[in-house]
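J.: Using full-length UniProt numbering, the first residue of the sequence shown is number 1, and each one after it goes up by one.
In this text, a Cβ means the ideal position worked out from N, Cα and C, and glycines have one as well.
One structure follows; several queries about it will come next.
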Amino acid sequence: MNKLKKIVLLALITVSTIAFSQTKESALNDATAAVKANLDMNFDIVVKHTLPAVLDMMGGKEAALQVLKSTMEGAKAQGLVIEKSDVISVSKVTKEQGQSRCIMTSYTEMIMSGQRVKSTIHFVGIYNDVDNYWWFIEAKQLKNEVLANKIAPNFETSFEIPEDAVQVEKI
1 MNKLKKIVLL ALITVSTIAF SQTKESALND ATAAVKANLD MNFDIVVKHT
51 LPAVLDMMGG KEAALQVLKS TMEGAKAQGL VIEKSDVISV SKVTKEQGQS
101 RCIMTSYTEM IMSGQRVKST IHFVGIYNDV DNYWWFIEAK QLKNEVLANK
151 IAPNFETSFE IPEDAVQVEK I
């Protein structure tokens, strides 16, 4: 089950790494493009939209690319099938601490090891004003004070960060 949780987390982190313009519509479009990139195993796009501090924790861009690629290849070799992966909502965009931010919610269904996993995961989107696209990070990581201080020191938000939901069923 730990391996399955890692795969679900990886897929969700991947989805969380999309963006482009400072609007709700562009955040939705970019998040949708990132989901497609993950399904197509185009991890360059996924990494582009990952918050840089997360990439640093993974050992840099090249290390992150290798981790994503090897993890997904291994999971697919063991029978992982992603049946459905969608962005289901993007909140309004607000300005906080000098950044444009939003909350993105994704839904994924996958099969592995005779189980169907249904996940609803929330991400914080942060607009990259320099390169004009969004970065995403799994929202629950910012609820963990120790991890949040490493990823985004002094991060504060007015957004209510919902709890993620994961449902596992035998098939």
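For THR50, count neighbouring C-beta atoms within 10 Å of its own C-beta (all shown protein chains included) and say buried if the count is 16 or more, exposed if not.
T.: Classification of THR50: buried, given that the 10 Å Cβ count is 16 or more.
J.: Using 10 angstroms around the beta-carbon of MET72, count the other beta-carbons present and answer buried if the total reaches 16, otherwise exposed.
T.: With 16 or more other Cβ atoms within 10 Å, it is buried.
J.: For GLN141, does the three-state DSSP call read helix, strand or coil?
T.: Here GLN141 sits in helix by DSSP.
J.: Can you give the Cα-Cα distance for SER21 and GLU96, rounded to whole angstroms?
T.: Annotation note: pLDDT 49 at SER21 (below 50); position unreliable, coordinate value reported separately. Near 16 Å, if we compare the C-alpha coordinates of GLU96 and SER21.
J.: Do the region 35-45 and the region 53-71 make contact, defined as three or more Cβ pairs closer than 8 Å?
T.: With the cut-off at 8 Å, the region 35-45 and the region 53-71 touch.
J.: I need the boundaries of the alpha helix (DSSP H) containing ASN38, first residue and last residue.
T.: Per DSSP, ASN38 belongs to the alpha helix (DSSP H) from 24-39.
J.: Hey, VAL90 and LEU28: beta-carbon distance below 8 Å or not?
T.: Yes. Within cutoff.
J.: Between the C-alpha atoms of TRP134 and LYS36, what's the straight-line distance to the nearest angstrom?
T.: In a straight line, the C-alpha of TRP134 is about 16 Å away from that of LYS36.
J.: Among residues of its own chain, excluding the 5 on either side of LEU55, which ones have a beta-carbon nearer than 6 Å to its beta-carbon?
T.: Only LYS61, ALA64 meet the Cβ criterion.
J.: Roughly how many whole angstroms lie between the Cα atoms of GLU83 and LYS143?
T.: For GLU83 and LYS143, the distance between alpha carbons rounds to 29 Å.
J.: For the alpha helix (DSSP H) that PHE43 lies in, which residues bound it at each end?
T.: Per DSSP, PHE43 belongs to the alpha helix (DSSP H) from 43-48.
J.: Please look up how many angstroms separate the CB atoms of SER106 and PHE123, rounded, as I've assumed it's under 8 Å.
T.: 7 Å between Cβ atoms; contact.
J.: So, with DSSP's three-state summary, where would you put SER70?
T.: Three-state DSSP puts SER70 in a helix.
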